[in-house]
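A.B. asks:
2 protein chains.
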Amino acid sequence: MPRTITAYSNPLVKHARDLRDKRHRREKGQFLAEGLRILTEARDAGRLPVQVFFAEASAVHPLVQALVADVERAGGEAIATTPAILAKLSGKDNPQAVVGVFEAWETPLDALDRDASSIWLVAERLRDPGNLGTILRTGDAVGAGGLILIGECVDPFSVEAVRASMGALFTVPVARAEWAPFLAWLRAGPGQLVGLSLDGGDYHGARYDAPTFLLTGNEAQGMPEEYAAACDLLVKLPMLGKADSLNAAVATAVMAYEVLGRQG
Amino acid sequence: MPRTITAYSNPLVKHARDLRDKRHRREKGQFLAEGLRILTEARDAGRLPVQVFFAEASAVHPLVQALVADVERAGGEAIATTPAILAKLSGKDNPQAVVGVFEAWETPLDALDRDASSIWLVAERLRDPGNLGTILRTGDAVGAGGLILIGECVDPFSVEAVRASMGALFTVPVARAEWAPFLAWLRAGPGQLVGLSLDGGDYHGARYDAPTFLLTGNEAQGMPEEYAAACDLLVKLPMLGKADSLNAAVATAVMAYEVLGRQG
Numbered sequence: 080m081p082r083t084i085t086a087y088s089n090p091l092v093k094h095a096r097d098l099r100d101k102r103h104r105r106e107k108g109q110f111l112a113e114g115l116r117i118l119t120e121a122r123d124a125g126r127l128p129v130q131v132f133f134a135e136a137s138a139v140h141p142l143v144q145a146l147v148a149d150v151e152r153a154g155g156e157a158i159a160t161t162p163a164i165l166a167k168l169s170g171k172d173n174p175q176a177v178v179g180v181f182e183a184w185e186t187p188l189d190a191l192d193r194d195a196s197s198i199w200l201v202a203e204r205l206r207d208p209g210n211l212g213t214i215l216r217t218g219d220a221v222g223a224g225g226l227i228l229i230g231e232c233v234d235p236f237s238v239e240a241v242r243a244s245m246g247a248l249f250t251v252p253v254a255r256a257e258w259a260p261f262l263a264w265l266r267a268g269p270g271q272l273v274g275l276s277l278d279g280g281d282y283h284g285a286r287y288d289a290p291t292f293l294l295t296g297n298e299a300q301g302m303p304e305e306y307a308a309a310c311d312l313l314v315k316l317p318m319l320g321k322a323d324s325l326n327a328a329v330a331t332a333v334m335a336y337e338v339l340g341r342q343g
Numbered sequence: 080m081p082r083t084i085t086a087y088s089n090p091l092v093k094h095a096r097d098l099r100d101k102r103h104r105r106e107k108g109q110f111l112a113e114g115l116r117i118l119t120e121a122r123d124a125g126r127l128p129v130q131v132f133f134a135e136a137s138a139v140h141p142l143v144q145a146l147v148a149d150v151e152r153a154g155g156e157a158i159a160t161t162p163a164i165l166a167k168l169s170g171k172d173n174p175q176a177v178v179g180v181f182e183a184w185e186t187p188l189d190a191l192d193r194d195a196s197s198i199w200l201v202a203e204r205l206r207d208p209g210n211l212g213t214i215l216r217t218g219d220a221v222g223a224g225g226l227i228l229i230g231e232c233v234d235p236f237s238v239e240a241v242r243a244s245m246g247a248l249f250t251v252p253v254a255r256a257e258w259a260p261f262l263a264w265l266r267a268g269p270g271q272l273v274g275l276s277l278d279g280g281d282y283h284g285a286r287y288d289a290p291t292f293l294l295t296g297n298e299a300q301g302m303p304e305e306y307a308a309a310c311d312l313l314v315k316l317p318m319l320g321k322a323d324s325l326n327a328a329v330a331t332a333v334m335a336y337e338v339l340g341r342q343g
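For the record, the sequence lines run as chains S and A.
According to my numbering, the residues represented by the first sequence are 80 to 343, in order.
According to my numbering, the residues represented by the second sequence are 80 to 343, in order.
(1) Tell me where the beta strand (DSSP E) around A/G340 begins and ends.
(2) Can you give me the Cβ contacts of S/A417 inside the same chain, cut-off strictly under 6 Å, excluding the 5 residues immediately before and after it?
(3) Of all the options S/P187, S/W199, S/R99 and S/Q144, which has the alpha carbon lying nearest to the alpha carbon of S/S169?
(4) Considering just the uninterrupted stretch of the alpha helix (DSSP H) at S/K107, what are its terminal residues?
(5) Would A/K93 be called buried (16 or more neighbouring beta carbons within 10 Å of its own) or exposed?
(6) Considering only their Cβ atoms, is the gap separating S/G340 from A/H283 smaller than 8 Å?
(7) Name the residue from S/L226, S/L275 and S/A309 whose alpha carbon lies nearest to the alpha carbon of S/N326.
(8) Tell me the DSSP secondary structure of S/K315 in three-state form.
(9) Measuring CB to CB, does S/G155 end up less than 8 Å from S/V131?
(10) Between the Cα of S/I84 and the Cα atoms of S/R126, S/A159, S/A95 and S/L115, which residue gives the shortest distance?
(11) Output the distance between the C-alpha atoms of A/P269 and A/D311, rounded to the nearest integer angstrom.
(12) Comparing alpha-carbon positions, which option in A/V178, A/A176, A/P235 and A/F249 lies nearest A/A202?
(13) Excluding sequence positions up to five away, which residues of its chain have a Cβ less than 7 Å from the Cβ of S/L191?
(14) Just the C-alpha distance for S/S244 and S/L200, rounded to the nearest angstrom, thanks.
(15) Have a look at A/D323 and S/A247 and give me their C-alpha separation to the nearest angstrom.
(16) Might you give, ordered along the chain, the residues of its own chain that have their beta carbon closer than 8 Å to the beta carbon of S/L142, omitting 5 neighbours on each side?
(17) Please list, in chain order, the residues of the stretch 302-329 of chain A that have any C-beta partner in chain S closer than 9 Å.
(18) Helix, strand or coil, according to DSSP, for S/R82 in the structure here?
(19) Where does the unbroken alpha helix (DSSP H) through S/F261 begin, and where does it stop?
(20) Helix, strand or coil for A/R255, going by three-state DSSP, please let me know.
(21) Tell me the start and end of each unbroken alpha helix (DSSP H) in the stretch 177-249 of chain A that is at least 4 residues and wholly inside, in chain order.
(22) According to the neighbour-count rule (16 or more other Cβ atoms, all chains shown, within 10 Å of its Cβ), is S/E304 buried or exposed?
(23) Please state the DSSP three-state secondary structure of A/E298.
(24) Do A/K315 and A/G280 have their beta-carbon atoms positioned less than 8 Å apart in this structure?
(25) Helix, strand or coil for S/L118, going by three-state DSSP, please let me know.
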């Protein structure tokens, strides 16, 4: 049976709210995900929250009922609460009907199966959580084997990244690694490393060999020369305008679809 | 000569701060843009701010000096101020070195020259300012003739949209129209209307004829059936993952680059 919490000061509310903060996420090894669509996606991917908060008014929704029942069956806790507390948890005036507290996980490089897909996404020093989430969402759409984050990237378990991923955080494996171990892992098997670079050749005529690892550099600076030098191929998207740049998540997506269509 | 303002209560500071609010922007017909890169882009596109705020410490930067001189030469006001006030204006702890107050403008449909480009972007009921700005940035990169916003869209002059556009707001014309007048304008001349729709055919084998008008629907709902029925062609990006969706700005960009590469 769900319990009911209506006090802001309740420790469970405080704990969930604190998960919006990176340090707290790291200490507790947990994170927040919001919205019936994302929580249902998580459930279908085999991840259930340890706690699910839902508005009492939304408990009549059959999908909310099913989710609550699944959480309780798995030993998690279902908590009916007020719209005001949900708004506090989600940091939005117009909160989603459900918010879940999930155990975080790590995927080591060695757990990735490079034969699982012909396309992999790699991003280095990605700073914007919206970009990270959007890249995960694209990764889901193109059937990428996973996203590998190199160096100091934004936290994939941040509220904004989870939200922008629209649930793809639960379906696309995310590994975090430094550059040297990544390169060693990559070169221990087949794989074409393709870097997006303003110094690259036209992306449209290039040959892509599976599995292709698409490397996107930092939003402001692009990738270090050392990384570019290690790539098997450098490509550039044509830019006809005044500015010589594209959003990092957009450039990744255009490349990913090109590779999908052309892989040799 | 720049004047110096160090008081939060100064009416110019208050006015600029209020431009973060949509209602105030509409009343005053002005908006905010931040950052040396974006303001320089604006200047190069022929738009100078009526007021430019800059941190006194950054006045030694030659690009800031040049911008300030240009603003004053054009009859605008240059205001040296504190990092704290710049932070208040930009709503960020780590503010940009310059913030400009610009006069807003409108581009009526009839002012668009459809022969100016072979690709145009059209979005209906776009709700996310980051998506709007990102689509403008992509529009600049692919050399789009402009972005046409249909129906109730987020304000292209919002701080988040301007920021995500990275200056493309100043280089890519933005028109706002209702659906019926847009369709009448479109059909009064050549133009292939291509809609992104889950009911469409594969985008990769399709034929695109210039000028192509790429229509993207609302982030959550896609486009109304009536709009889809009016399209000359409906296309879909392959989605191999669990979720049947892509970010709207990402889908627009993948399509725009496809059209760029394949136009007949």
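Every residue gets a Cβ at the ideal spot worked out from N, C-alpha and C, and that includes glycine.
C.D. replies: Per the coordinate set shown:
(1) Working through the second sequence from its first residue, we reach residue 340 of chain A at position 261. Unbroken run through A/G340 is the alpha helix (DSSP H), A327 to R341; no beta strand (DSSP E).
(2) Any property of residue 417 of chain S remains undetermined from this structure, which presents chain S solely from 80 to 343.
(3) In the first sequence, residue 169 of chain S corresponds to position 90, counting from 1. When each option's Cα is compared against that of S/S169, the closest is S/R99.
(4) The sequence position of residue 107 of chain S within the first sequence is 28, counting from 1. Unbroken alpha helix (DSSP H) run through S/K107: K101 to K107.
(5) Counted from its first residue, the second sequence places residue 93 of chain A at position 14. Burial call: exposed.
(6) Here residue 283 of chain A refers to the residue found at position 204 of the second sequence. Here residue 340 of chain S refers to the residue found at position 261 of the first sequence. Yes.
(7) For the purposes of this step, residue 326 of chain S is taken as the residue at position 247 of the first sequence. Among S/L226, S/L275 and S/A309, the Cα nearest to that of S/N326 is on S/L275.
(8) Position 236 of the first sequence, counting from 1, holds the residue named residue 315 of chain S. Residue state, collapsed to three classes: strand.
(9) In the first sequence, counting from the first residue as 1, residue 155 of chain S sits at position 76. In the first sequence, counting from the first residue as 1, residue 131 of chain S sits at position 52. Yes, the pair counts as a contact, with Cβ atoms nearer than the cut-off.
(10) Within the first sequence, residue 84 of chain S is the residue found at index 5, counting from 1. The candidate whose alpha carbon is nearest that of S/I84 is S/A159.
(11) Your numbering for residue 269 of chain A matches position 190 in the second sequence. Your numbering for residue 311 of chain A matches position 232 in the second sequence. The straight-line gap from Cα to Cα measures roughly 12 Å.
(12) One-based indexing of the second sequence puts residue 202 of chain A at position 123. Ranked by how close their Cα comes to the Cα of A/A202, the residues A/V178, A/A176, A/P235 and A/F249 have A/P235 in first place.
(13) To locate residue 191 of chain S, count along the first sequence from 1; it is residue 112. Only G224, G225, P252 and A254 meet the Cβ criterion.
(14) As a first step, residue 244 of chain S is located in the first sequence; it is residue number 165 there, counting from the start. As a first step, residue 200 of chain S is located in the first sequence; it is residue number 121 there, counting from the start. Rounded to whole angstroms, S/S244 to S/L200 spans 14 Å at the Cα level.
(15) For the purposes of this step, residue 323 of chain A is taken as residue 244 along the second sequence, with counting starting at 1. For the purposes of this step, residue 247 of chain S is taken as residue 168 along the first sequence, with counting starting at 1. Approximately 11 Å, taken between the alpha carbons.
(16) Here residue 142 of chain S is taken as the residue at index 63 of the first sequence, counted from 1. Contacts found: L115 and T119.
(17) L316, P317, M318, L319, G320, K321, A322, D323, S324, L325, N326, A328 and V329
(18) Position 3 of the first sequence, counting from 1, holds the residue named residue 82 of chain S. Looking at S/R82 - three-state DSSP - the assignment turns out to be strand.
(19) The count along the first sequence starts at 1 and reaches residue 261 of chain S at position 182. Taken as a continuous stretch (DSSP letters only), the alpha helix (DSSP H) holding S/F261 covers W258 to R266.
(20) Walking along the second sequence from the start, residue 255 of chain A turns up at place 176. Strand, per DSSP.
(21) 208-221 and 238-244
(22) Here residue 304 of chain S refers to the residue found at position 225 when the first sequence is read from its first residue. Exposed is the label assigned to S/E304, since fewer than 16 other Cβ atoms lie within 10 Å of its Cβ.
(23) The residue labelled residue 298 of chain A in the question sits at position 219 within the second sequence. Looking at A/E298 - three-state DSSP - the assignment turns out to be coil, as it is neither helix nor strand.
(24) Position 201 of the second sequence holds residue 280 of chain A. Position 236 of the second sequence holds residue 315 of chain A. Yes, they are a contact pair.
(25) On the first sequence, residue 118 of chain S is found 39 positions in, with the first residue counted as 1. Note: S/L118 maps to helix in three-state DSSP.
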